[in-house]
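Input: a single structure, listed below in structure tokens.
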Amino acid sequence: MANDNNGWIRCDEQLPLANRRVLVTTIYGHVVEAIRLKGNSFNRYGKEVAATHWQDLPEPAKKGIGNGK
Numbered sequence: 040m041a042n043d044n045n046g047w048i049r050c051d052e053q054l055p056l057a058n059r060r061v062l063v064t065t066i067y068g069h070v071v072e073a074i075r076l077k078g079n080s081f082n083r084y085g086k087e088v089a090a091t092h093w094q095d096l097p098e099p100a101k102k103g104i105g106n107g108k
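Structure below.
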């Protein structure tokens, strides 16, 4: 599943929880941050995004580690 595709999950197999921000791959191959509304609808800045895959956002950098200052 997710491990077979660098963490990407197909939208037709599983969707994130509603009102959750995630990364999505669009039907045009772009990777953007979007929020899942209800059903299989994703939204970015008030516009619907047609997504094929999604994955959770990474954790933010920790201060004092690496370049996280």
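Residues are numbered in this note's numbering as their position in the sequence shown, beginning at 1, plus a constant of 39. Note that CB positions come from ideal geometry on N, CA and C, so glycine has one too.
Per DSSP, E87 is one residue of the beta strand (DSSP E) stretching across 86-88.
A Cβ-Cβ distance of about 11 Å is found for the pair V63 and D95, leaving them out of contact under the 8 Å criterion.
Around the beta carbon of L54, a 10 Å sphere encloses 16 or more other beta carbons of the protein chains shown; the residue is thus reported as buried. Per DSSP, the beta bridge partners of Q94 are L62.
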